[in-house]
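Residue numbers (the numbering used here): 41 to 418. Even glycine gets a Cβ: it sits at the ideal position worked out from N, Cα and C.
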Amino acid sequence: GEFKLSPTALLRALMEWEQVTLYEVQDKEMPRSKDEIARCLVPMFSLPFFSSSIADLETQVRYQTRFLLEFLYREGLVRASGSVAGLANMITFMFETEPANFMLARFLTNGLFHEYLTGQEKRARKGDRRTHLTVKLTSVLAWFLYPRRLPHNIPKDRAPRKKHLPSAKSPSLPPLPKPMLEAVKKYNEGVHELFQELAWCVGSTTKFSDADLVLPLSGRSFRASWDPRGQPFQKGSPFQEKFIQHIVRYRARSPFSAIAGIGDNFSSPSDLASSTRNVMHLDVTSFPAVAASALGEESLEPTNSWMLDFMIHGKIRYLWEDNGINATQAWKLIGDFKEAVKKAATALKPWCPPDDIVLKTFEELGDEIHKYHMEGSK
Numbered sequence: 041g042e043f044k045l046s047p048t049a050l051l052r053a054l055m056e057w058e059q060v061t062l063y064e065v066q067d068k069e070m071p072r073s074k075d076e077i078a079r080c081l082v083p084m085f086s087l088p089f090f091s092s093s094i095a096d097l098e099t100q101v102r103y104q105t106r107f108l109l110e111f112l113y114r115e116g117l118v119r120a121s122g123s124v125a126g127l128a129n130m131i132t133f134m135f136e137t138e139p140a141n142f143m144l145a146r147f148l149t150n151g152l153f154h155e156y157l158t159g160q161e162k163r164a165r166k167g168d169r170r171t172h173l174t175v176k177l178t179s180v181l182a183w184f185l186y187p188r189r190l191p192h193n194i195p196k197d198r199a200p201r202k203k204h205l206p207s208a209k210s211p212s213l214p215p216l217p218k219p220m221l222e223a224v225k226k227y228n229e230g231v232h233e234l235f236q237e238l239a240w241c242v243g244s245t246t247k248f249s250d251a252d253l254v255l256p257l258s259g260r261s262f263r264a265s266w267d268p269r270g271q272p273f274q275k276g277s278p279f280q281e282k283f284i285q286h287i288v289r290y291r292a293r294s295p296f297s298a299i300a301g302i303g304d305n306f307s308s309p310s311d312l313a314s315s316t317r318n319v320m321h322l323d324v325t326s327f328p329a330v331a332a333s334a335l336g337e338e339s340l341e342p343t344n345s346w347m348l349d350f351m352i353h354g355k356i357r358y359l360w361e362d363n364g365i366n367a368t369q370a371w372k373l374i375g376d377f378k379e380a381v382k383k384a385a386t387a388l389k390p391w392c393p394p395d396d397i398v399l400k401t402f403e404e405l406g407d408e409i410h411k412y413h414m415e416g417s418k
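Take a look at the structure:
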């Protein structure tokens with residue numbers, strides 16, 4: 041099974057509860073009582089969705105719910121009172137795109153989309169498709185909306201083309217503008233730190249035992265205490281005092297991983313998911329990070345430029361040659377990308393004036409994707 045408790049799911053539950061409370065205050069008739077709704081919601085955030093003979097999943101679910109609430113609070117989506125705030129409506133409306141929905145909200149509230157599109161508008165040329173605002177917006181959105189890994193290999197014997205060419209750095213996306221890149225890195229650092237604290241808290245609830253010292257595949261066990269012959273130090277040994285002072289303490293990390301002399305500071309999402317104690321179960325896909333390197337590199341993970349290339353040449357068949365995505369996958373991905381863009385435009389309308397550059401570009405991008413989607417297979 042996959043242990044994944046989504047912050048968007050928690051935000052949706054909080055919004056529903058707030059709406060139900062509002063109906064109750066207004067004496068509106070509801071098809072289900074508030075108590076019935078509470079009985080349906082509580083198990084989602086208190087009971088695990090699968091079982092484990094080793095991991096204490098019930099404890100982890102409760103702690104993870106608490107830390108996801110902290111995540112929403114730090115993102116400005118929940119107030120200290122528990123009521124929703126900010127762009128919570130847009131986040132929940134685009135729940136299928138997590139974590140892209142959180143990144144969109146950050147870029148909007150920080151003014152990064154407006155700053156970027158306003159600057160690119162001055163450089164746009166009618167005869168150069170690559171400079172159009174819709175293409176420039178796609179080069180940003182493609183980093184976190186339905187991202188794909190780089191293809192394993194590109195056919196070397198493919199025929200050269202004189203037209204319908206992909207982007208300059210295909211099959212990789214061009215780097216994000218520096219302000220946006222810094223915003224993504226800061227966001228990812230916050231996510232990693234939060235889940236690291238979660239692992240420490242869950243690990244602190246259970247003392248180390250023999251179960252922590254069993255190798256997962258071979259089943260070989262090791263001692264959790266001293267050898268039957270006793271402690272290796274004589275009573276009052278000065279070396280013992282110095283030795284104990286230099287022992288690296290840890291609560292979340294597996295003893296087998298801690299042999300390297302490292303404590304509870306995990307270097308990467310992969311390290312966090314694979315090196316924690318077996319009293320918890322973490323999965324890389326449960327971290328709402330954006331293009332974060334699984335191995336902890338400072339730069340973002342290289343991402344496939346499939347959507348940017350499609351917006352430039354408009355031909356689905358070339359996505360297999362350039363990006364390693366077959367026609368069936370491409371058709372589905374383009375449709376999903378289009379729906380996400382249209383949802384973002386719909387969510388922005390109540391917040392923006394009709395002539396807002398971000399709203400207009402999102403609407404135009406949705407229309408262009410629809411047009412090319414229908415014509416792309418020709």
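Nearest-angstrom Cα separation, counted from residue j out to residue i
i      : j      : result
Phe296 : Pro309 : 18 Å
Pro394 : Ala53  : 31 Å
Ile77  : Cys241 : 30 Å
Leu127 : Leu152 : 15 Å
Leu419 : Glu58  : In this structure the chain extends from 41 to 418, so residue 419 is not present and cannot be described.
Lys162 : Glu155 : 12 Å
Ser326 : Phe273 : 44 Å
Ile94  : Ser73  : 38 Å
Glu379 : His413 : 12 Å
Lys203 : Gly167 : 15 Å
Glu42  : Ala298 : Note that Glu42 has pLDDT 47, beneath the 50 cutoff, so the model's placement of it is unreliable and the number below is only indicative. Using only the alpha carbons, I get a separation of about 25 Å.
Met220 : Leu340 : 12 Å
His286 : Pro278 : 13 Å
Gln280 : Arg293 : 24 Å
Pro256 : Glu237 : 24 Å
Gly270 : His321 : 34 Å
Tyr113 : Phe107 : 10 Å
Ser244 : Lys383 : 42 Å
Lys225 : Phe85  : 29 Å
Cys392 : Leu109 : 28 Å
Gln160 : Pro200 : 31 Å
Ser207 : Tyr358 : 12 Å
Ser258 : Ser92  : 18 Å
Ser261 : Arg291 : 19 Å
CB of residue i within 8 Å of CB of residue j, strictly
i      : j      : result
Thr105 : Leu50  : yes
Val101 : Leu45  : yes
Val254 : Ala329 : no
Thr316 : Ala239 : yes
Leu216 : Trp183 : yes
Leu205 : Ser345 : no
Ile352 : Arg188 : no
Ala264 : Phe283 : no
Pro191 : Asn363 : yes
Met55  : Tyr63  : no
Asn228 : Ala332 : yes
Ala223 : Phe147 : yes
Ala387 : Glu403 : no
Val319 : Asp96  : yes
Sequence-distant residues of its chain with Cβ nearer than 6 Å to residue i (five each side left out)
i      : result
Asn141 : Ile131, Met134
Leu181 : none
Lys275 : none
Gly9   : The question about residue 9 has no answer here: the residues shown for the chain are numbered 41 through 418.
Ser210 : Ser345, Asp349, Asp362
Lys218 : none
Residue i, DSSP secondary structure in three states
i      : result
Pro200 : coil
Val118 : strand
Ser310 : helix
Ser86  : coil
Asn344 : strand
Asp396 : coil
Val330 : coil
Gln212 : In the sequence as displayed, the identity of residue 212 is Ser instead of Gln. Note: Ser212 maps to strand in three-state DSSP.
Val319 : coil
Close Cβ partners of residue i (< 8 Å) along its chain, the five nearest in sequence each way excluded
i      : result
Leu157 : Leu173, Lys176, Leu177, Ile397, Val398, Thr401
Val288 : Ala298, Gly301, Ile302, Gly303
Ala125 : Gly116, Leu117, Val118, Arg119
Lys389 : Leu399
Thr343 : Ala182, Trp183, Pro187, Arg188, Arg189, Leu190, Ser212, Leu213, Ala331
Leu81  : Ala53, Glu56, Trp57
Cβ-based neighbour list, residue i, same chain, cut-off 7 Å, excluding 5 preceding and 5 following
i      : result
Phe377 : Leu185, Tyr186, Met347, Ile409
Phe111 : Pro47, Leu234
Ala324 : Contrary to the premise, residue 324 reads as Val rather than Ala in this sequence. Excluding positions up to five away in sequence, the list reads Pro309, Ser310, Ala313, Ala334.
Any chain C beta carbon closer than 8 Å to residue i
i      : result
His410 : Among the chains in the structure shown there is no chain C, since it carries only a single protein chain.
**Study point:** alpha helix (DSSP H) runs wholly inside the region 232–307, at least 4 long, in chain order
**Key:** If we require 4 residues or more, the alpha helix (DSSP H) runs fully inside the region 232–307 come out as 278–285, 295–298.
Exercise for review: Run through the region 138–174 for me and flag every whole alpha helix (DSSP H) of 4 or more residues, listed as ranges in chain order.
Suggested key: 140–149, 152–161
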